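**Q** Let me begin by handing over the structure; questions about it come next.
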Amino acid sequence: MTRRSVINISVLIFTLTALLLAGFGCKGGSREAQEAAAKAVSLNWWRVGGSKQNFDILLNDYKKIRPNVSVNVSQIREEELESALIQALADGRAPDVVSLPNTWLRGWQHRLAPLPPTLTLPYLELTGTFKKEPRWVLKEINSLDLKSIKARYVDTVVNDVYFDSKIYGLPLNLDTLLIFYNVDLLTAAQFPEAPKTWNEFKEASQAITKLDKLGRLLQNGAALGTAENIPYSFDIVSALMLQNGTPMMTGGSASFQKPISVQGESYSPGLDALRFYTDFANPSKETYSWSADQINAREAFAAGKLGFVFGYWRDLPNLKAMAPKIRIGLANFPQIEGSFQTSYYANYFIETVLKQSTHQTEAWDLIQFITTPAEAKKYLESAKQPTAQREFVTAQIADEDLGIPAAQVLTAKTWYRGYDFTSTQSVFQDMIKQVLVGTPIDQALSAAAERVTQTMRKP
């Protein structure tokens, strides 16, 4: 290739890029397409988790295909999300895109704009028979459908985002329940590695737990058994029930209180799971390691007095900041001894579009763009987050940092798909507290199931 040819190609690339970035600088195309390309659009995105640097990578790429769209990202704390959103909706200043917990989607369905079957947007193309010129063209492009998301995402995502024959959001990553453990306490108890099964977990917890002569806890093995001073008590009990084969919902009603038939015998897996959990806070049980009188589990862990605390990958940075002198280990959520298939619990955020948005087309275009495999990979690598997409699982399992959480995503589950998750969390906490004050477990389960069923009815 001659030097003149190289220069000409370089000029063409520079010109096309300049026109694309200018948006309305290109004169070609229909008037309607040029007006759509020139119309300035500003999207507000409320995001839970991540950093500006992680999102800049995605938004810079998006700007290349949508030069007329600017995206303003606001970081919001998980515990402040609901109240902030409700106030913003009331004031008419809600964001266009917002990260919602997977358990909220049905409860917020009446406020969400589902993904339309198609999106019509301007695209810059080189057209012409003899002389190629950039022209804006309005195109109607098919959106993702059920078949597409089944092929792309792990099963639990499909079950969470697709209902009433529509897609209500798409995630960038997926988080699952893990164990954080104090390496030094586990080592001192003569356990060379983290427990893999619940039997091993009980043994390790018992070895770490120290009591005084009056039976008062001096050192805690595991933070399990109570409701309010343990983060994610709902998630942990749910995970135990799911592992134990509990039918959480049947025909639109809660059914975790019901027995099942195992080899002709009646067995209540939900009751067994709840008993296992609350036994850790029962002084008469050998697994006793925690009580409602203890400080918050994370604080106890940071103080070096707790062996095991449960949480999510996203909690690790904060836990490290709280406990800078603790050697923190990370392990997979324990499994039932002899189980043929692993079972983990998912808790993650989904990018959604609010009905109040005046730019729903552009908002959904943004979500579909940043969750394409190419863009999602950039985000996952930059933010060091476990994937929600199938094609990245194998590579992440081999990753030194992400291997443990990545190994859980394929068989991760969720179960609550009702319309009031906040109330359901409270119901589970009440159920736990009732058992601890002596209410028969079957009665506590039945009362909780009845209350949860009320939240399953669509408002």
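Oh and the sequence shown: position 340 is 340 in full-length UniProt numbering, straight run, nothing missing.
Built from N, CA and C at the ideal position, the CB exists for glycine as well.
For clarity, every value in this text was computed on a predicted model and none was experimentally measured.
#1: So which of ALA376, ASP401 and ALA383 has the shortest CA-CA distance to GLN389?
#2: Would DSSP call SER148 helix, strand or coil?
#3: Ordered along the chain, which non-local residues of its own chain (more than five positions away) have a Cβ less than 8 Å from that of ALA395?
#4: Between LEU177 and TYR232, how many whole angstroms is the CB-CB distance? I'm expecting something under 8 Å.
#5: Do GLN105 and GLY50 have their C-beta atoms within less than 8 Å of each other?
#6: Using the beta-carbon count (16 or more within 10 Å), is ASN244 buried or exposed?
#7: Per DSSP, what kind of secondary structure is MET249 in: helix, strand or coil?
#8: At what residue ranges does the stretch 344–402 contain a whole run of the alpha helix (DSSP H), taking only runs of 4 or more?
#9: Hey, out of PHE276, ALA33, ASN229 and GLU286, whose CA is closest to ALA300's CA?
#10: Going by C-alpha distance, which of LEU124, PHE333, ILE149 and PRO122 is nearest ASN199?
#11: Please report the Cβ distance between SER148 and THR118, rounded to the nearest whole angstrom; I am assuming they are in contact, meaning their Cβ atoms lie under 8 Å.
#12: Going straight from the alpha carbon of ALA297 to that of VAL309, what length do you get?
#13: Looking only at DSSP bridge pairs, what is PHE333 linked to?
#14: Going along the chain, which unbroken runs of the alpha helix (DSSP H) with 4 or more residues stay wholly within the stretch 165–208?
#15: What are the complete beta strand (DSSP E) segments, minimum 3 residues, inside the stretch 57–111?
#16: In the structure shown, what three-state DSSP assignment does GLN408 receive?
#17: With respect to the alpha helix (DSSP H) encompassing GLY270, which residues constitute its N-terminal and C-terminal limits?
#18: When the Cα atoms are used, what is the spatial distance from PHE392 to LYS285?
#19: Compare the Cα-Cα distances from LEU410 to each of GLU450, GLN190 and TYR345 and report the closest residue.
#20: So, for VAL183: in the same chain, excluding its five sequence neighbours on each side, which residues have a beta-carbon less than 6 Å away from its beta-carbon?
#21: Would you mind reading off the limits of the beta strand (DSSP E) that contains LEU119?
#22: Tell me whether the beta-carbon of ASP399 lies closer than 8 Å to the beta-carbon of ALA406.
#23: Quick test of your reading: ILE76 and VAL97, contact by CB under 8 Å. State the CB separation rounded to the nearest angstrom.
#24: So what does DSSP say about GLU32, is it helix, strand or coil?
#25: Give the C-beta separation of LEU115 and LYS63 to the nearest angstrom, bearing in mind that I take them to be a contact with Cβ-Cβ under 8 Å.
#26: State the Cα-Cα distance for the pair VAL161 and LEU217, rounded to the nearest angstrom.
#27: Expressed to the nearest angstrom, what Euclidean distance is found between the alpha-carbon atoms of THR387 and TYR379?
#28: Let me know the secondary structure DSSP gives TRP313 once reduced to three states.
#29: Which class does GLU286 belong to by DSSP, given the choice of helix, strand or coil?
#30: Name the one or two DSSP bridge partners that PRO134 has.
**A** Judging by the given coordinates:
#1: ALA376
#2: helix
#3: none
#4: 7 Å
#5: Sequence inspection shows Leu at residue 105; the Gln mentioned does not correspond to that position. No, the pair does not count as a contact, with Cβ atoms beyond the cut-off.
#6: buried
#7: strand
#8: 360–370, 373–383 and 393–397
#9: ASN229
#10: PHE333
#11: Incorrect: roughly 13 Å between the Cβ atoms, too far for contact.
#12: 7 Å
#13: According to DSSP, PHE333 bridges with nothing at all.
#14: 183–188 and 198–208
#15: 69–75 and 97–101
#16: coil
#17: 269–278
#18: 43 Å
#19: TYR345
#20: ARG327 and GLY329
#21: 118–127
#22: yes
#23: That belief does not hold up - the Cβ atoms of ILE76 and VAL97 are roughly 12 Å apart, past 8 Å.
#24: helix
#25: Their Cβ separation, rounded to whole angstroms, is 22 Å, which puts LEU115 and LYS63 out of contact at 8 Å.
#26: 43 Å
#27: 10 Å
#28: helix
#29: coil
#30: LEU126
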